[in-house]
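Below is one structure, written out as structure tokens, with a few remarks after it.
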Amino acid sequence: MSDEVARPALDVSPARPLLDEELAVRAAGLDAGARVTLQVRERHWDTVFESSATFEADDDGTVDIAEDAPVDGAYQGVRPMGLFQFMRAADEGDGLDDEGDELGDELSDEGDEGEGLAFPGRIRATVDGTVVDTAAYERVVRPPGVTKRDLDHPELVGKYYGPAGEAPHPGVLWFGGSEGGYPGQVVASLLAARGYAVLGLAYFGEEDLPGHLVDVPTEYFERAVEWLGDREAVRAEPLAVMSASRGSEMALWLGANREEVRTVVARAPSDVLYGGIWTGKPDEWEPPGAAWTRDGEGLPYVPVETGLTDTLRWVWRGIRGQTVDISYTYEDGRESVDDERLAAAKLPVEETGGPVLLVSGGDDRLWPSAEMAESVVERLEERGYDHRVEHRRYPDAGHAISVPYRPVRGRETGEFVFGSELALGGTPEGYAEADVDSWTAVLDVLDEGLQ
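In the numbering used here, the protein residues as written are 71 to 521.
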């Protein structure tokens with residue numbers, strides 16, 4: 071008869087899940103009632119995130135974070151991915167765990183050879199101050215075989231994400247909001263991992279593009295739609311368009327104006343076209359006029375009510391380390407126009423030929439996206455729209471809903487001009503719920519609309 075005593079052991083599976091998939095974490099071989107602290111450290115590019123939580127082993131000496139709530143730590147209640155959702159950025163330069171084992175570099179995200187991209191991590195189990203086991207894993211953003219390459223086009227600026235597997239693939243045009251530049255590669259990569267060909271389009275804030283969200287031609291987006299549909303590896307139609315915040319205006323506009331675009335996903339959406347905004351240092355102090363143009367003329371818009379006084383106020387708040395709330399600039403803009411001008415700026419969403427998904431946070435502090443999403447739904451219902459229309463509203467989320475299982479702490483604010491912080495709203499718990507549920511809806515509506 072063996073006298074060997076079972077040693078505590080961690081089981082982390084699968085070892086390489088997609089970023090938006092659950093990772094099972096279990097500890098076994100503990101004494102019944104023993105307290106074990108699980109610490110996660112994970113590298114996202116140059117930033118290391120970390121969290122820890124303490125659990126009490128059951129009568130069998132096991133802990134399963136999918137079933138057990140921590141007694142102390144980064145989050146409360148049973149959350150299968152709580153250790154990952156509630157991570158915080160570690161101190162700058164602290165990329166090593168306490169044993170000195172360096173977290174591996176993420177997989178290469180350069181070039182078009184399909185090397186892939188992953189966030190490496192390590193979980194450590196500690197009992198009474200002693201490390202009893204560790205386990206390494208990688209959360210995959212872009213699997214090997216999915217390619218990413220710069221667009222080789224004389225007029226378009228973007229990156230193309232090509233899925234593995236047999237072509238042609240359903241196509242998605244993806245672009246961001248008022249932050250400008252290239253849209254998030256995490257979203258594009260996860261969609262490509264599921265078989266979607268994705269064009270991640272920049273439309274201002276990059277070389278050879280407008281410097282601000284001012285006078286951006288709708289024809290630019292239409293050329294992007296045509297480019298995507300013309301690829302041999304992409305089904306010509308139907309196509310989907312997906313965007314967020316100010317970009318949602320153009321996503322909904324394309325759905326209404328391009329026949330091949332028959333699915334629209336809009337996060338933190340608007341129901342109208344708003345005016346242009348200076349992003350960063352303004353070219354002048356006068357209001358910039360239209361955000362979007364067609365045939366060289368500005369499209370009807372609701373102004374964003376800002377001026378020199380607002381800028382000085384934001385500078386002052388930045389100097390004092392205070393958060394800036396700009397939601398009033400959109401609300402005041404709506405109140406400043408008459409019914410005729412407001413109606414002219416409304417997006418004709420009823421002209422879309424397929425499903426429309428709207429995602430909003432009930433605590434959006436940047437602009438009233440939940441109310442504007444409801445306005446879109448009401449317009450469609452009034453006009454007897456005969457395709458799927460869905461509004462996923464999350465009361466405790468703000469403007470920064472993302473994909474599942476990314477860190478949720480710190481999203482209440484974002485970087486703004488002059489060193490200030492911009493109010494975005496929401497709570498970590500609210501974002502944790504919204505990320506998971508809304509992404510499920512996104513994948514479902516794309517599957518339905520791009521069959």
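The beta carbon of each residue, even a glycine, is placed where N, CA and C say it ideally should be.
Paired residues, beta bridge with residue i - DSSP
{"i": "isoleucine 193", "result": "Val110 and Ala205"}
{"i": "alanine 98", "result": "Ala79"}
{"i": "glutamate 367", "result": "Arg364"}
{"i": "threonine 333", "result": "Ala310"}
{"i": "valine 528", "result": "The structure shown has nothing for residue 528, since the chain only spans 71 to 521."}
{"i": "threonine 483", "result": "Ala493"}
{"i": "isoleucine 347", "result": "Leu283"}
{"i": "leucine 516", "result": "DSSP, once it has assigned bridges, lists no residue as partnering leucine 516."}
{"i": "threonine 379", "result": "Note: threonine 379 sits in no beta bridge, so no partner."}
{"i": "alanine 123", "result": "Leu108 and Gly143"}
{"i": "arginine 158", "result": "Glu120"}
{"i": "aspartate 134", "result": "Arg96"}
Whole-angstrom distance between residue j and residue i, CA atom to CA atom
{"i": "valine 268", "j": "valine 374", "result": "31 Å"}
{"i": "glycine 368", "j": "aspartate 285", "result": "7 Å"}
{"i": "threonine 204", "j": "valine 256", "result": "27 Å"}
{"i": "serine 397", "j": "valine 512", "result": "26 Å"}
{"i": "leucine 100", "j": "threonine 200", "result": "13 Å"}
{"i": "leucine 309", "j": "glutamate 296", "result": "10 Å"}
{"i": "glutamine 146", "j": "glutamate 482", "result": "19 Å"}
{"i": "aspartate 128", "j": "proline 214", "result": "39 Å"}
{"i": "arginine 411", "j": "glutamate 329", "result": "26 Å"}
{"i": "proline 224", "j": "alanine 306", "result": "21 Å"}
{"i": "histidine 239", "j": "aspartate 408", "result": "45 Å"}
{"i": "tryptophan 509", "j": "leucine 417", "result": "24 Å"}
{"i": "glutamate 236", "j": "aspartate 505", "result": "30 Å"}
{"i": "valine 110", "j": "glycine 191", "result": "7 Å"}
{"i": "glutamate 208", "j": "phenylalanine 189", "result": "5 Å"}
{"i": "tyrosine 252", "j": "leucine 279", "result": "11 Å"}
{"i": "glycine 281", "j": "proline 357", "result": "15 Å"}
{"i": "tryptophan 348", "j": "histidine 469", "result": "20 Å"}
{"i": "proline 438", "j": "valine 385", "result": "24 Å"}
Cβ separation of residue i and residue j, assumed to be a contact under 8 Å, to the nearest whole Å
{"i": "leucine 450", "j": "glutamate 420", "result": "6 Å"}
{"i": "glycine 270", "j": "lysine 229", "result": "5 Å"}
{"i": "threonine 496", "j": "arginine 463", "result": "It should be noted that the sequence gives glycine, not threonine, for residue 496. Wrong, their Cβ atoms sit about 12 Å apart, outside the cutoff."}
{"i": "glutamate 126", "j": "arginine 149", "result": "Their Cβ separation, rounded to whole angstroms, is 16 Å, which puts glutamate 126 and arginine 149 out of contact at 8 Å."}
{"i": "glycine 232", "j": "alanine 303", "result": "6 Å"}
{"i": "phenylalanine 119", "j": "valine 478", "result": "That belief does not hold up - the Cβ atoms of phenylalanine 119 and valine 478 are roughly 11 Å apart, past 8 Å."}
{"i": "methionine 442", "j": "serine 313", "result": "Rounded, the Cβ-Cβ distance is 14 Å, inconsistent with contact."}
{"i": "glycine 206", "j": "alanine 97", "result": "For clarity, residue 206 is alanine in the given sequence; the question names glycine instead. The Cβ separation is near 15 Å, so there is no contact."}
{"i": "serine 430", "j": "alanine 415", "result": "Actually they do not touch by this definition, with Cβ atoms about 19 Å apart."}
Chain B contact for residue i (CB, 8 Å cutoff)
{"i": "alanine 310", "result": "Among the chains in the structure shown there is no chain B, since it carries only a single protein chain."}
Count the C-beta pairs between the segment 247-261 and the segment 289-297 that are closer than 8 Å, then say yes if the count reaches three, no if not.
no
Of all the beta strand (DSSP E) runs that stay within the bounds of the segment 390-475, which reach a length of 3 or more residues?
426-431 and 459-464
Within the segment 199-226, note down every full beta strand (DSSP E) run reaching 3 residues or more, in order along the chain.
200-212 and 217-220
Using 8 Å as the cut-off, can you tell me whether the segment 333-343 makes contact with the segment 306-321, which would need three or more C-beta pairs spanning the two stretches below that distance?
yes
Report yes or no: do three or more beta-carbon pairs, one from the segment 492-499 and one from the segment 136-143, lie closer than 8 Å?
When Cβ pairs closer than 8 Å are counted between the two stretches, the segment 492-499 is seen not to touch the segment 136-143, the count staying below three.
At least 3 beta-carbon pairs within less than 8 Å: the segment 323-334 vs the segment 423-441
yes
Which residue spans inside the segment 219-289 form an unbroken beta strand (DSSP E) run of at least 3?
227-232, 239-245 and 267-272
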